[in-house]
Ligand code: GAL
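In our numbering, the protein residues as written are 4 to 573.
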């Protein structure tokens, strides 16, 4: 690994806020002198020439794109990443390649990365048999293949930047070093890997206890109950105070759930409503614009973290053991409910930087509120160097294909992702989505706006029980995978290309992933068909359900279950 400093880097960058940030200089093969640097009117530019057939992965939780070759991404935090622009719940300026190296740029700015910029004079094969093409896919495919040469990293609004070049034989080697730089994966207890059911946001304590009893009476595996916004006196922005009508005895309510063997997770977000008891105290440590009319605490300041975390500790004291830290992404697409980029914060951060840092700093603050106890909470935004935080990302978007791609992509960037089940249009959709949820790091049913428990409309409680019971069986393996993540930085969900970087057949596979270390999962997406194509890389594989051997290579599988294979040998 090698650190390269270009110009004068800013002081408020992700590594500054990463408590266990560490790295060790080792010799690298990459010719670092070939990385050009220059200041531009709006920021700084780093540029190098990449081999034309390079494949690029990572850059955070991307829903729409897998291999970024030939594309441009702007790494901007956004709650509604509706296009492949780079906008995401979790922008991470770290990418890896199939050529033995990855690059981390230590910035919270909205960096723009061009994976294949073009310049006059670039050589390319003349197309002697040129034909006019009529589809955009064909047109752009031709252009990308010719011009995939320069990688340009433009970091706006600064005078310089630190870059870390990380090398390894496989992408997993490179990514695990990046995660270790941040301190490795989080400490996650077994209970947190069980089933999490989030109740309707309007429910009272009595209605939530009814759901909890229903799960037990119907022998449905469920380990954690999630309580949505209705627990507070005011939730947009937040008071973090229990609503006395719906929850007259919060400690008694939490105690009853605990007696039934549940853990309890509370929804909130970071924006502090004027009626919140800490409003006046935290105001001097907040930004100069509000969100949902709530203060935006500056979690880059230890004072803001302490005031906020100490107040949340009252919730932890009555037994809350996880949080859902919502809304910390902000959106430009749904009504602009976020502080502006020109906002300023007392730590010296501006709105642009704070958008990309808020999720991670909020995760750190809630981890502090939880007294660093092992848990697995939820959050809607994270950023660079986030591996050590026990927080799983989620989204209000709901495209099953995009959710699976996000799962596959999450492992490149030190992120965990939950492809949650919400409302559905059919039994088939419910079961297909629940299967994906079961084979992901957090097994989450988020019924926050469902009038009923989602499967009650579809007469399929037996099937739901069977799928959730599989989750129970997976927990020891998943726990071992998390321990490995903590100790070595190897994430529990990985794209095939991460472990099998020398197998070109894996370069484009964004709908299969490695899970719990020895499993390969190939979800069937959509409701049209019970078939899909699966690729198993070289090695010995067995069917997860029957234990029967399955030859490696490409084949079509037809099944009502989710196709899963266990690696049993090389
Ligand atoms: C959304 C969140 C949902 C749900 C809802 C409650 O922002 O993504 O999962 O929690 O808030 O109001």
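Every residue gets a Cβ at the ideal spot worked out from N, C-alpha and C, and that includes glycine.
Note that the structure is predicted; figures quoted are calculated from it, not measured.
For the region 429 to 442 against the region 397 to 406, do three or more pairs of beta-carbon atoms, one drawn from each stretch, fall closer than 8 Å, so that the two count as touching? yes
Could you tell me the distance, in whole angstroms, from the CA atom of residue 300 to the CA atom of residue 508? 47 Å
Going by the C-beta, is residue 67 closer than 8 Å to any heavy atom of the ligand GAL? No, the Cβ of residue 67 stays beyond 8 Å of every heavy atom of the ligand GAL.
Measuring only the C-alpha atoms, how far is residue 103 from residue 370? 34 Å
I need the straight-line Cα distance from residue 471 to residue 226, nearest angstrom please. 11 Å
Could you spell out where the beta strand (DSSP E) holding residue 272 opens and where it closes? 266 to 272
With 16 other CB atoms within 10 Å as the buried threshold, where does residue 350 fall? buried
In or out: residue 391 buried (at least 16 other Cβ within 10 Å) or exposed? It counts as buried.
Please list, in chain order, all residues of the same chain as residue 604 whose beta carbon is under 6 Å from its beta carbon, the five residues on each side excluded. The chain is shown only over 4 to 573; residue 604 falls outside these bounds and no answer can be derived.
My understanding is that residue 302 touches residue 365, with C-beta atoms under 8 Å, so please give their C-beta distance in whole angstroms. By a beta-carbon distance limit of 8 Å, residue 302 contacts residue 365. Their separation comes to about 6 Å.
DSSP bridge partner residues for residue 107 (one or two, in chain order): 97, 167
Sort out for me which residues DSSP pairs residue 323 with in a bridge. 267
So is the beta-carbon of residue 399 under 8 Å away from any non-hydrogen atom of the ligand GAL? yes
When you compare only the Cα positions, how much space is there between residue 607 and residue 198? Past the edges of the chain, shown from 4 to 573, lies residue 607, and the structure says nothing about it.
Can you tell me whether DSSP reads residue 575 as helix, strand or coil? The displayed coordinates of the chain run from 4 to 573. Any statement about residue 575 would go beyond what the structure contains.
Quick check: residue 461 and residue 500, are their CB atoms within less than 9 Å of each other? no
Around the C-beta of residue 200, are 16 or more other C-beta atoms found within 10 angstroms, so that it is buried, or is it exposed? Buried.
Nearest to residue 473 (by Cα), restricted to the options 514, 450, 260, 443: Ranking 514, 450, 260, 443 by Cα distance to residue 473 puts 443 first.
Quick check: what's the CA-CA separation for residue 205 versus residue 511? 43 Å
If I measure Cβ to Cβ from residue 257 and keep anything under 8 Å in the same chain, skipping five residues before and after, which residues do I get? 267, 321, 322, 323
Proximity winner among 305, 395, 78, 355, relative to residue 190 (alpha-carbon distances): 395
Three or more C-beta pairs under 8 Å: does that hold for the region 36 to 49 against the region 174 to 193? no
Tell whether a beta-carbon distance below 9 Å holds between residue 216 and residue 263. yes
Hey, quick one: how far does the beta strand (DSSP E) through residue 449 stretch, first residue to last? 446 to 449
Residue 335 Cβ short of 8 Å to the ligand MG heavy atom set: Summarising the ligand content, the structure contains the ligand GAL and does not contain the ligand MG.
Return the chain-ordered list of same chain residues with a C-beta closer than 6 Å to the C-beta of residue 186, the five sequence neighbours on each side being excluded. Excluding positions up to five away in sequence, the list reads 23, 391.
Taking residue 63 as the reference, give the member of 79, 74, 273, 492 with the closest Cα. 79
Using the rule of at least 16 other Cβ atoms within 10 Å of the residue's Cβ for burial, across every protein chain shown, is residue 345 buried or exposed? Its Cβ having fewer than 16 others within 10 Å, residue 345 is exposed.
Does any heavy atom of the ligand GAL sit closer than 8 Å to the C-beta of residue 232? yes
Assign residue 287 to one of three DSSP states: helix, strand, or coil. Correct three-state label for residue 287: helix.
Contacts around residue 571, its chain only, beta-carbon distance under 6 Å, and the 5 residues preceding and following it disregarded: 543, 545
Just grab the DSSP bridge partners of residue 353 for me. 347
Three-state secondary structure (DSSP) of residue 66: coil
Simplified DSSP assignment, three categories, for residue 373: coil
Do residue 451 and residue 202 come within 9 Å of each other at the CB atom, strictly closer than that value? yes
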